[in-house]
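Trainee: One structure, pasted below without further comment.
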Ligand SMILES: [Zn+2]
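Residue numbers (our numbering), protein chains in the order written: chain A, 353 to 580; chain B, 57 to 339.
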């Protein structure tokens, strides 16, 4: 990596990558568990250091990625990793930013085939840390979770998971989701993990469905935290 | 640490490929994810798949334990530890609870593994359906269609013929109700330890270039019939000659001088610990 961008950062391609990888592995093997990649993300400069830390760890010229319409992020990832830019439908890794269209991403991300389920997208979503906005209490089940895990998630996370389920993937097909905040708090929901009990922690007012997507754009930062 | 090596020997591109495959393997428990296996400066039969997994995982702060057939002292285990030590400077241990990474061939330690620990298996033949179908493209299709009838039939035939399932090791199990998986050549005694374990199990097959995984708290059910339940090896009241254990997996040892047969724990670290505890209690 001989770009001017890569010279500016202190992220160690060997040791920081190794640590970030182990944290992501821990998150994927313990769905809903929150790990922090902040220490390593802080060593990178750019529009979204947490995304860049994940990109540095997982991407190279062997894989492809998409950042929706986030051109700056796309340029940064491309220059740091030499991964191939491609359309959502073919991307191995998709980075959804704040303003990114997660609806289109979830609907079009590749889910692999029954024979090759690993040829599927890993979708990385920016989890906005809000305060004030109502949270949803969801109960998750699946491999990596001891019986069940009940956690509070933002409305966006809930809607993304609902849209994921609406794709009706035939397992082992599916997409694996990684949510990460600007502060580097990361948790994963791999394809086999299911959820239910979707109820708003504060349901004093509920938006009609057609406004839900619009509403997510106005959500204030809220913090995902474990309640059990 | 030798300056002639990359940290953890592999180049970063190789590590990334193995890491990506491992993450997919965790997301799809029991499914064999293909990866581009690297040539390593070690002999065949050493389990290059397991070593590559270990090298892709390991970093400062890790404590590595390596066992071969339960033993920390076997030539293979010692050489692998030396090799990894040479290119990482990490600590090694023989104590199961101290290890963050355990690389193993043919056994799962007696002391239950804890959350946060990773057990890495060296796998010679990853495909559980190979005993009924030689062609890779066909077994791949069988997995895609969850067509495991031929394997069930094979088991059933061996039951009819021999009144028992004749597989001593590599006893197939169904992961999360979906994938038939070869648990590697561990004895049947160890199969139940895969079910809803606290630790993460990773399997690496170097020659066949496959990685698969069993995350914590995952259903792993050894194949059985309603009227013929799965059974682990029974040692029929035999005990370890060194520590006296009756609830561990025992190896039969032949003493050439006396001509006698003995049994002793295959997990040498566990056996030594129990023996020294007993000696202390006697003092
Ligand atoms: Zn013993």
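In this text, a Cβ means the ideal position worked out from N, Cα and C, and glycines have one as well.
Counting only Cβ-Cβ distances shorter than 8 angstroms, please list the residues of the region 537-550 of chain A near chain B, keeping chain order.
Mentor: The residues in question are 542, 543 and 544.
Trainee: Anything with a beta carbon under 5 angstroms from a heavy atom of ligand 2 counts; list them all in chain order.
Mentor: By its list of ligands, the structure shown excludes ligand 2, since it contains just ligand 1.
Trainee: May I ask you to report which of helix, strand or coil DSSP gives residue 119 (chain B)?
Mentor: The residue given as residue 119 (chain B) occupies position 63 in the second chain. Three-state result, residue 119 (chain B): strand.
Trainee: Strictly below 7 angstroms CB to CB, what residues from chain A border residue 268 (chain B)?
Mentor: As a first step, residue 268 (chain B) is located in the second chain; it is residue number 212 there, counting from the start. Result: empty, since nearest Cβ-Cβ is about 10 angstroms, beyond 7 angstroms.
Trainee: Short check: CB of residue 356 (chain B) to CB of residue 175 (chain B), under 7 angstroms?
Mentor: One cannot answer for residue 356 (chain B) here, as it falls past the ends of chain B, which runs 57 to 339.
Trainee: Can at least three beta-carbon pairs, one atom from the region 496-515 of chain A and one from the region 233-241 of chain B, be found at a separation below 8 angstroms?
Mentor: Touching, no.
Trainee: Among A:495, A:398 and A:400, which one has its Cα closest to the Cα of residue 385 (chain A)?
Mentor: To locate residue 385 (chain A), count along the first chain from 1; it is residue 33. Considering only alpha carbons, the answer is A:495.
Trainee: Would you kindly work out how many angstroms separate the C-alpha atoms of residue 266 (chain B) and residue 316 (chain B), rounded to a whole number?
Mentor: If you number the second chain from 1, residue 266 (chain B) lands on position 210. If you number the second chain from 1, residue 316 (chain B) lands on position 260. Cα to Cα, the separation comes out at about 42 angstroms.
Trainee: What do you reckon, are the CB atoms on residue 399 (chain A) and residue 479 (chain A) nearer than 7 angstroms?
Mentor: Your numbering for residue 399 (chain A) matches position 47 in the first chain. Your numbering for residue 479 (chain A) matches position 127 in the first chain. For residue 399 (chain A) and residue 479 (chain A), no; Cβs fall outside 7 angstroms.
Trainee: Taking residue 142 (chain B) as the reference, which of B:180, B:286, B:161 and B:66 has the closest Cα?
Mentor: Residue numbering aside, residue 142 (chain B) sits at position 86 when the second chain is read from its first letter. Considering only alpha carbons, the answer is B:66.
Trainee: Measuring only the C-alpha atoms, how far is residue 147 (chain B) from residue 130 (chain B)?
Mentor: What you label residue 147 (chain B) is simply residue 91 of the second chain in a count that begins at 1. What you label residue 130 (chain B) is simply residue 74 of the second chain in a count that begins at 1. The alpha-carbon atoms of residue 147 (chain B) and residue 130 (chain B) are separated by roughly 18 angstroms.
Trainee: Output needed in chain order: residues of the region 374-389 of chain A with a Cβ under 9 angstroms from some Cβ in chain B.
Mentor: For the region 374-389 of chain A, which is checked against every Cβ of chain B, the residues closer than 9 angstroms are 374, 376, 377, 378, 380, 381, 382 and 383.
Trainee: Identify the continuous alpha helix (DSSP H) that holds residue 370 (chain A) and give its terminal residues.
Mentor: For the purposes of this step, residue 370 (chain A) is taken as residue 18 along the first chain, with counting starting at 1. Where residue 370 (chain A) is concerned, the enclosing alpha helix (DSSP H) stretches over 367-381.
Trainee: Grab me the residues of residue 222 (chain B)'s own chain with a C-beta within less than 6 angstroms of its C-beta, minus the 5 sequence neighbours each way, in chain order.
Mentor: Mapped onto the second chain, residue 222 (chain B) falls at position 166. For residue 222 (chain B), where only same-chain residues beyond five positions count, the Cβ hits under 6 angstroms are 214.
Trainee: Using a beta-carbon distance cut-off of less than 9 angstroms, what residues from the region 60-82 of chain B approach chain A?
Mentor: Listed by position along the chain: 62, 63, 64, 68, 69, 71, 72, 73, 75, 76, 77, 78, 79, 80, 81 and 82.
Trainee: Let me know the secondary structure DSSP gives residue 609 (chain A) once reduced to three states.
Mentor: The structure shown has nothing for residue 609 (chain A), since chain A only spans 353 to 580.
Trainee: Note down, in chain order, each residue of its chain lying with its Cβ closer than 8 angstroms to the Cβ of residue 206 (chain B), except the 5 sequence neighbours on either side.
Mentor: By one-based count along the second chain, residue 206 (chain B) stands at place 150. Counting only Cβ-Cβ distances below 8 angstroms, and skipping sequence neighbours, we find 185, 188, 189 and 198.
Trainee: If we call anything under 7 angstroms between Cβ atoms a contact, is residue 325 (chain B) one with residue 150 (chain B)?
Mentor: On the second chain, residue 325 (chain B) is found 269 positions in, with the first residue counted as 1. On the second chain, residue 150 (chain B) is found 94 positions in, with the first residue counted as 1. Yes, Cβ-Cβ distance for residue 325 (chain B) and residue 150 (chain B) is below 7 angstroms.
Trainee: Would you grab the beta carbon distance between residue 231 (chain B) and residue 270 (chain B) for me? Rounded to a whole angstrom, and I think it's under 8 angstroms.
Mentor: Your numbering for residue 231 (chain B) matches position 175 in the second chain. Your numbering for residue 270 (chain B) matches position 214 in the second chain. Contact flag correct, Cβ pair sits at about 6 angstroms.
Trainee: In terms of alpha-carbon separation, which member of A:361, A:390 and A:453 lies closest to residue 511 (chain A)?
Mentor: Numbered from its first residue, the first chain carries residue 511 (chain A) at position 159. That would be A:453, whose Cα lies nearest to the Cα of residue 511 (chain A).
Trainee: Can you tell me which of the three DSSP states residue 387 (chain A) falls into?
Mentor: Start at 1 with the first residue of the first chain, and residue 387 (chain A) comes out as number 35. Strand at residue 387 (chain A).
Trainee: Measure from the C-beta of residue 272 (chain B) to each C-beta in chain A and report whether the shortest distance is under 7 angstroms.
Mentor: Residue 272 (chain B) sits at position 216 when you count from the first residue of the second chain. Chain A contact via Cβ: present.
Trainee: On the CB-based measure, 16 or more other CB atoms within 10 Å of its CB, does residue 361 (chain A) come out buried or exposed?
Mentor: In the first chain, counting from the first residue as 1, residue 361 (chain A) sits at position 9. Buried: at least 16 other Cβ atoms inside 10 Å.
Trainee: Which runs of the alpha helix (DSSP H) at least 4 residues long sit entirely within the region 450-505 of chain A? Give them in chain order.
Mentor: Complete alpha helix (DSSP H) runs here, min 4: 454-460.
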